[in-house]
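Asker:
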Amino acid sequence: MATPTLEKAEAGFADSPYITVTFRIRRFNPEISDEATWQDFQVEIDPKERVLDGLHKIKWELDGSLTFRRSCAHGICGSDAMRINGKNRLACKTLIKDLNPEKPITVEAIKGLTVLKDLVVDMDPFFQAYRDVMPFLVTKGNEPTRERLQSAEDRERFDDTTKCILCAACTSSCPVFWNDGQYFGPAAIVNAHRFIFDSRDEAGEQRLEILNDKDGVWRCRTTFNCTDACPRGIEVTKAIQEVKRALITRRF
Ligand code: SF4
Ligand code: F3S
Ligand code: FES
């Protein structure tokens, strides 16, 4: 039986919602070869399903050696950022029907971090930059006897940057980071912003000094790739600009 087209499947004219989609995946296994190669897989899938569902089908039904990270499958854990049709996205938040599935869907590891196997990269440098900006509340003095109060206005100041899920889609889409991997990267700055602008925190100056480094915020060239890539819709470039401004004015 012929596989229905995407058009028919979407319009509900097809007996089956399934279409055949080609997944073109960048494979790399250092135990087999130093070179990465593209491999095509034909997958019968409902276009309303997600790229992650397609990868699961490949792994569970076609090739168990395909390697990728995922956990929550609902856009919360941040573990399945990958380059899909040349753009950083979460596989669990990307619908097949939104990708022009009549053509092969390309899937490859995010850029700028060492590929360990297939779609899995070494996240250590990414998390080291995150740790370096002290992503936790710092307060001095005695423990309070009740919760630390904050006005709604003060809370609003850093609301956007609390949404980060540490997926690395931003940092791995930044050409400055691709250059040498030394730049702290937008994700670390976003997480510094979350505490620098928190009225309860007392280590803003310290974090600003950390980001005043030669590999800190001044390396950002306002390219906006990070903002475009963020699956949480965080205004990443705006947050970076606010940190730069705070470094100049020392007001935050
Ligand atoms: Fe991911 Fe957005 Fe956080 Fe960057 S800022 S790590 S893209 S959630
Ligand atoms: Fe990079 Fe984003 Fe700046 S892509 S250059 S961190 S605006
Ligand atoms: Fe958790 Fe996609 S699997 S964000």
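If you read the sequence shown in the UniProt record's numbering, its first letter stands for residue 1, the second for the next number, and so on.
Beta carbons: idealized from backbone N, C-alpha and C, even for Gly.
Quick caveat, the model's predicted, so the values are computed rather than measured.
Express the C-alpha separation of G185 and A169 in angstroms, rounding to a whole number.
Answerer: Answer to the nearest angstrom: the Cα atoms are 11 Å apart.
Asker: So, using beta-carbon positions, are F23 and I105 closer together than 7 Å?
Answerer: A contact, by the Cβ cut-off of 7 Å.
Asker: For A36, I'd like the list of residues in its chain whose CB is within less than 6 Å of its CB, leaving aside the five on either flank, ordered along the chain.
Answerer: For A36, where only same-chain residues beyond five positions count, the Cβ hits under 6 Å are R26, F28.
Asker: Determine whether the beta carbon atoms of I234 and D124 lie at a separation below 7 Å.
Answerer: Their beta carbons are not under 7 Å apart, which means I234 does not touch D124 by this criterion.
Asker: Taking 6 Å as the cut-off, is the CB of P125 close to at least one heavy atom of ligand 2?
Answerer: Result no, Cβ not under 6 Å from ligand 2.
Asker: Tell me whether L113, by its Cβ, gets closer than 6 Å to a heavy atom of ligand 1.
Answerer: Answer for L113: no, Cβ out of range of ligand 1.
Asker: Nearest to V133 by alpha carbon, out of F158, E209, M82?
Answerer: Cα-wise, what sits closest to V133 is E209.
Asker: Going by the DSSP bridge assignment, what does W38 pair with across the sheet?
Answerer: Answer by DSSP bridge pairing, in chain order: R26.
Asker: Assuming E202 is part of the alpha helix (DSSP H), what are its boundary residues?
Answerer: Note, E202: premise wrong, no alpha helix (DSSP H); not H, not E.
Asker: Using a threshold of 7 Å, state whether the C-beta atoms of V51 and T94 are closer than that.
Answerer: Taking 7 Å as the Cβ cut-off, V51 and T94 qualify as a contacting pair.
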